[in-house]
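K.L.:
One structure, pasted below without further comment.
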Amino acid sequence: MNLSAKLSKLLPILGLCSAIGLNAQASGATYAEPGFILTSIKPLQLIAQDITQGVIESVVLLPPGASPHAYALRPSEVKDIYNAKSIYWVGHQLESFLQKPFSKHPQKTHALASLGDFNPVTAAANGHNPNAEAHDEHEDHEGHDDDDTDIHLEDDHSNPVHVHHYQGRDPHIWLSPTVALLIAQEIKTQTTALYPQHQAQLAANYAAFEASLEKVDLSLKAQFSPLKALGFLVFHDAYSRFIEHYQLNQIGALTINPAKRPGAKHLAQIRRQIKQSAPVCIFSEPQFSKVAIQTVMRDTQLRSAELDPLATQVTAEKARYASFLADFGQRIISCLGGFPRTD
20 MNLSAKLSKL
30 LPILGLCSAI
40 GLNAQASGAT
50 YAEPGFILTS
60 IKPLQLIAQD
70 ITQGVIESVV
80 LLPPGASPHA
90 YALRPSEVKD
100 IYNAKSIYWV
110 GHQLESFLQK
120 PFSKHPQKTH
130 ALASLGDFNP
140 VTAAANGHNP
150 NAEAHDEHED
160 HEGHDDDDTD
170 IHLEDDHSNP
180 VHVHHYQGRD
190 PHIWLSPTVA
200 LLIAQEIKTQ
210 TTALYPQHQA
220 QLAANYAAFE
230 ASLEKVDLSL
240 KAQFSPLKAL
250 GFLVFHDAYS
260 RFIEHYQLNQ
270 IGALTINPAK
280 RPGAKHLAQI
290 RRQIKQSAPV
300 CIFSEPQFSK
310 VAIQTVMRDT
320 QLRSAELDPL
330 ATQVTAEKAR
340 YASFLADFGQ
350 RIISCLGGFP
360 RTD
């Protein structure tokens with residue numbers, strides 16, 4: 020093969036390498052160590068990259084829009100699991116499909132569910148009742164129809180409404196600022212063990228994370244203070260960690276299992292309850308159909324907004340966990356306050 024022919028074959032490869040280099044330079048991301056830390060879902064990636072910035076890259080396993088409740092791994096993703104320096108996930112309580120592939124790498128896999136192991140929440144009229152008993156979502160519910168999904172609302176006398184959980188606790192632990200800080204601390208500790216030479220950098224990153232989170236948390240608490248009594252509904256019962264932390268008044272959820280469509284009888288029940296308890300907002304999620312939301316909103320004064328607990332619309336390269344939490348909270352504040360967010 021002559022030189023000209025060789026060059027013609029190399030040019031596309033060189034062009035690709037150049038593009039990759041330019042993209043890396045444009046993102047401004049530089050890391051002292053090769054390889055990457057793997058997180059199961061985007062919110063954990065946001066926390067991890069805040070802690071590991073400048074030391075090692077943090078990447079996410081699940082693609083945008085994928086549900087952590089059920090997903091079929093592609094060969095490239097199995098390879099990522101194998102190549103990762105360390106792995107972080109909530110645990111089988113959320114990403115049950117990852118239990119088997121992660122079990123093959125026990126030394127580098129860290130389940131975070133235990134960091135959020137506090138008692139389940141029962142929302143009362145004031146949105147906060149920490150002494151409620153747990154209730155397993157997989158138990159049979161007496162009086163429920165076969166086509167129905169579990170829905171728990173206040174009754175006519177404002178009795179406590181049950182906020183349903185996965186096996187006695189809500190696995191969406193990253194929505195609690197308190198637990199998010201514990202997750203960050205765990206990632207700092209484990210990454211320092213891997214790369215002790217970067218202890219100072221990791222400690223500085225953690226301090227910055229803690230400061231930014233505290234600032235957002237205090238701001239949200241102040242803004243939520245006059246809104247705590249206002250009731251709202253959600254599509255997916257996934258927010259009890261956030262609700263407990265800010266003492267909010269979620270009075271119901273259309274489903275505890277987003278993969279299961281709410282039954283017609285339950286939707287009718289919710290519409291009756293809306294008339295009785297007068298919630299002001301209902302929240303949808305970007306990855307799920309809004310048909311059920313639109314059904315219960317019909318001929319009501321409910322405002323609506325979108326919540327994205329999985330940060331599917333967040334660009335990780337441009338975001339921090341604190342900014343994700345701030346935006347999540349502001350969407351609730353705006354809707355409760357009468358200014359629904361539509362973006």
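The numbering used here puts the sequence shown at residues 20 to 362.
Where a beta carbon is used, it is the ideal one built from N, C-alpha and C, also for glycine.
In this text the structure is predicted, and so the values were computed from the model without any measurement.
Taking only the alpha-carbon atoms, compute the straight-line gap between Q313 and L221 and give it to the nearest angstrom.
P.N.:
The count along the sequence shown starts at 1 and reaches residue 313 at position 294. The count along the sequence shown starts at 1 and reaches residue 221 at position 202. Answer to the nearest angstrom: the Cα atoms are 46 Å apart.
K.L.:
Going by DSSP in three states, E263 sits in which element: helix, strand or coil?
P.N.:
Your numbering for residue 263 matches position 244 in the sequence shown. E263: helix per DSSP, three-state reduction.
K.L.:
Quick one: measure Cβ to Cβ for D69 and A203, integer angstroms, because I've assumed they're closer than 8 Å.
P.N.:
Position 50 of the sequence shown, counted from the first residue, corresponds to residue 69. Position 184 of the sequence shown, counted from the first residue, corresponds to residue 203. Indeed they touch by this definition, with Cβ atoms about 7 Å apart.
K.L.:
Among all the DSSP beta bridges, which residues are the ones paired with G250?
P.N.:
Position 231 of the sequence shown, counted from the first residue, corresponds to residue 250. In the DSSP output, where bridge partners are listed per residue, G250 has N268.
K.L.:
Would you say P125 faces chain B, with C-beta separation under 9 Å as the test?
P.N.:
Given the protein chain composition of this structure (a single chain), no chain B is represented.
K.L.:
Jot down the residue ranges of each uninterrupted alpha helix (DSSP H) in the region 99 to 127, minimum 4 residues, whole runs only, in chain order.
P.N.:
Qualifying alpha helix (DSSP H) stretches, in chain order: 118 to 122.
K.L.:
Per DSSP, which one or two residues make a beta bridge with L57?
P.N.:
One-based indexing of the sequence shown puts residue 57 at position 38. Paired residue(s): V78, I106.
K.L.:
Measure the CB-CB distance between L246 and A199 and report whether it falls below 9 Å.
P.N.:
As a working mapping, residue 246 is identified with position 227 in the sequence shown. As a working mapping, residue 199 is identified with position 180 in the sequence shown. No, the Cβ-Cβ distance between L246 and A199 is not below 9 Å.
K.L.:
Express the C-alpha separation of A283 and V74 in angstroms, rounding to a whole number.
P.N.:
Here residue 74 refers to the residue found at position 55 when the sequence shown is read from its first residue. Here residue 283 refers to the residue found at position 264 when the sequence shown is read from its first residue. The straight-line gap from Cα to Cα measures roughly 52 Å.
K.L.:
Specify, as a first and last residue, the run of the beta strand (DSSP E) that I352 falls within.
P.N.:
Translated into positions along the sequence shown, residue 352 becomes position 333. Note, I352: premise wrong, no beta strand (DSSP E); alpha helix (DSSP H) at 340 to 355.
K.L.:
DSSP state of A89, grouped into three classes?
P.N.:
Position 70 of the sequence shown, counted from the start, is the residue given in the question as residue 89. A89: coil per DSSP, three-state reduction.
K.L.:
Tell me whether G84 is buried or exposed, calling it buried when 16 or more other Cβ atoms sit within 10 Å of its Cβ.
P.N.:
The residue you call residue 84 lines up with position 65 of the sequence shown. With fewer than 16 other Cβ atoms within 10 Å, it is exposed.
K.L.:
Report yes if the C-beta of V78 is less than 8 Å from at least one heavy atom of the ligand FMN; otherwise report no.
P.N.:
No copy of the ligand FMN appears in this structure; indeed no ligand is present at all.
K.L.:
Given a cut-off of 9 Å on the beta-carbon distance, is the pair G135 and R188 in contact?
P.N.:
Taking the first residue of the sequence shown as position 1, residue 135 is located at position 116. Taking the first residue of the sequence shown as position 1, residue 188 is located at position 169. Contact flag set, yes.
K.L.:
Quick one: using the 10 Å Cβ neighbour count with 16 as the cut-off for buried, is Q216 buried or exposed?
P.N.:
Translated into the one-based positions of the sequence shown, residue 216 becomes position 197. Flag for Q216 reads exposed.
K.L.:
Across which residues does DSSP place H285 in a beta bridge pair?
P.N.:
As a working mapping, residue 285 is identified with position 266 in the sequence shown. According to DSSP, H285 bridges with nothing at all.
K.L.:
Within the continuous alpha helix (DSSP H) that includes A297, where are the two ends?
P.N.:
In the sequence shown, residue 297 corresponds to position 278, counting from 1. Neither: A297 is in no alpha helix (DSSP H) and is coded neither H nor E.
K.L.:
Between P149 and the rest of its own chain, which residues show a CB-CB distance below 6 Å, the 5 nearest in sequence each way excluded?
P.N.:
Locating residue 149 in the sequence shown gives position 130, counting from the first residue. With a pLDDT of only 32 at P149, under 50, the local geometry of the prediction cannot be trusted, and the value read off the model is given with reservation. If we look at P149 and ignore the five residues flanking it on each side, it has no Cβ neighbours.
K.L.:
Mapping the DSSP letters down to three states, classify E325 as helix, strand or coil.
P.N.:
Within the sequence shown, the letter at position 306 stands for residue 325. Note: E325 maps to strand in three-state DSSP.
K.L.:
In terms of alpha-carbon separation, which member of D99, H129, N102, A103 lies closest to H111?
P.N.:
Your numbering for residue 111 matches position 92 in the sequence shown. When only C-alpha atoms are compared, the closest one is H129.
K.L.:
For A297 and P328, I'd like the C-alpha separation in whole angstroms.
P.N.:
Translated into the one-based positions of the sequence shown, residue 297 becomes position 278. Translated into the one-based positions of the sequence shown, residue 328 becomes position 309. Answer to the nearest angstrom: the Cα atoms are 25 Å apart.
K.L.:
Do the region 329 to 346 and the region 52 to 66 touch if we need at least three Cβ pairs shorter than 8 Å?
P.N.:
Because the criterion of three Cβ pairs below 8 Å is met, the region 329 to 346 and the region 52 to 66 touch.
K.L.:
Relative to the C-alpha of W108, which candidate in R280, S122, A227 has its C-alpha closest?
P.N.:
The count along the sequence shown starts at 1 and reaches residue 108 at position 89. The candidate whose alpha carbon is nearest that of W108 is S122.
K.L.:
Within this structure, are the beta carbons of T319 and I293 separated by less than 9 Å?
P.N.:
Reading the sequence shown from its first residue, position 300 is the one you call residue 319. Reading the sequence shown from its first residue, position 274 is the one you call residue 293. In contact: T319 and I293 (Cβ atoms closer than 9 Å).
K.L.:
For Q349, I'd like the list of residues in its chain whose CB is within less than 6 Å of its CB, leaving aside the five on either flank, ordered along the chain.
P.N.:
Counting from one through the sequence shown, the residue named residue 349 turns up at place 330. Same-chain partners within the cutoff: there are none.
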